[in-house]
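A.B. asks: Structure provided below as structure tokens; questions to follow.
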Ligand code: RB5
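Residue numbers (my numbering): 7 to 166.
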């Protein structure tokens with residue numbers, strides 16, 4: 007599985023820890039920055055990862071900012087993206103089982119690194135349950151289609 011990880015200055019330390027976990031899990035992990043403490047704008051890094059997942063160039067993504075809220079807002083602007091802000095294990099598990107989330111968002115100033123590592127392990131090892139949830143995701147796709155038709159869309163996507 008090819009994944010991208012990105013963050014702003016509030017997520018750099020956590021990102022470094024998580025890249026090790028992701029690589030230990032055998033995932034092909036591309037680092038999209040940022041790389042240092044200098045203040046940057048989270049939309050710039052959220053866009054890089056989200057657009058790559060939306061276009062099918064990446065299978066999944068991980069985004070980190072201070073709260074996780076800004077990155078969530080950015081990621082969910084992209085067609086086919088189901089970004090889940092998970093700062094607890096239950097949410098991480100359910101976002102995969104029920105929502106087939108394809109971008110995991112974490113709040114670098116909200117959770118500790120050990121919990122974040124466990125969330126990553128759970129999120130990447132939990133499959134989508136499909137069944138009744140497939141119909142619900144189809145409805146989300148239809149909402150995106152209607153938004154695009156109305157001129158409010160964000161373009162095409164290969165993300166499933
Ligand atoms: C940066 O100070 C902070 O606003 C950002 O990391 C994030 O929390 C935004 O949602």
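Every residue, glycine too, gets a C-beta built ideally from N, C-alpha and C.
What residue range is occupied by the uninterrupted alpha helix (DSSP H) comprising residue 70?
C.D. replies: Per DSSP, residue 70 belongs to no alpha helix (DSSP H); it is in the beta strand (DSSP E), 66–71.
A.B. asks: With DSSP as the reference, please indicate the residues paired to residue 35 in a beta bridge.
C.D. replies: Answer is 9.
A.B. asks: Please name the residue in 17, 148, 57, 12 whose C-alpha comes closest to that of residue 114.
C.D. replies: With distances taken between Cα atoms, residue 114 lies closest to 17.
A.B. asks: Compute the minimum distance between the beta carbon of residue 156 and the heavy atoms of the ligand RB5, and state whether it is under 7 Å.
C.D. replies: Every heavy atom of the ligand RB5 is 7 Å or more from the Cβ of residue 156, so no.
A.B. asks: Does the beta-carbon of residue 75, which I'm using as the reference point, lie nearer than 7 Å to any heavy atom of the ligand RB5?
C.D. replies: Yes - the ligand RB5 has a heavy atom lying nearer than 7 Å to the Cβ of residue 75.
A.B. asks: Could you check whether the Cβ of residue 48 sits closer than 7 Å to any heavy atom belonging to the ligand RB5?
C.D. replies: Answer for residue 48: yes, Cβ within range of the ligand RB5.
A.B. asks: Would DSSP call residue 26 helix, strand or coil?
C.D. replies: In the structure shown, residue 26 sits in a helix (DSSP, three-state: H, G or I).
A.B. asks: Locate the beta strand (DSSP E) running through residue 111, then write down its first and last residues.
C.D. replies: 109–113 is the extent of the beta strand (DSSP E) around residue 111.
A.B. asks: In terms of residues, what are the limits of the alpha helix (DSSP H) holding residue 98?
C.D. replies: Taken as a continuous stretch (DSSP letters only), the alpha helix (DSSP H) holding residue 98 covers 95–103.
A.B. asks: For residue 77, I'd like the list of residues in its chain whose CB is within less than 6 Å of its CB, leaving aside the five on either flank, ordered along the chain.
C.D. replies: Counting only Cβ-Cβ distances below 6 Å, and skipping sequence neighbours, we find 48, 52, 69, 71, 111.
A.B. asks: Say whether the region 130–150 touches the region 34–47, bearing in mind that this needs 3 or more beta-carbon pairs closer than 8 Å, one atom from each stretch.
C.D. replies: No, they do not touch.
A.B. asks: Alpha carbons only, please: which of 46, 20, 9 is nearest the one belonging to residue 33?
C.D. replies: Looking at the Cα atoms, 9 is the closest of the given residues.
A.B. asks: By the DSSP assignment, the beta strand (DSSP E) with residue 16 in it spans what residues?
C.D. replies: Careful: residue 16 lies outside any beta strand (DSSP E) and carries neither H nor E.
A.B. asks: Start and end of the alpha helix (DSSP H) containing residue 156?
C.D. replies: Careful: residue 156 lies outside any alpha helix (DSSP H) and carries neither H nor E.
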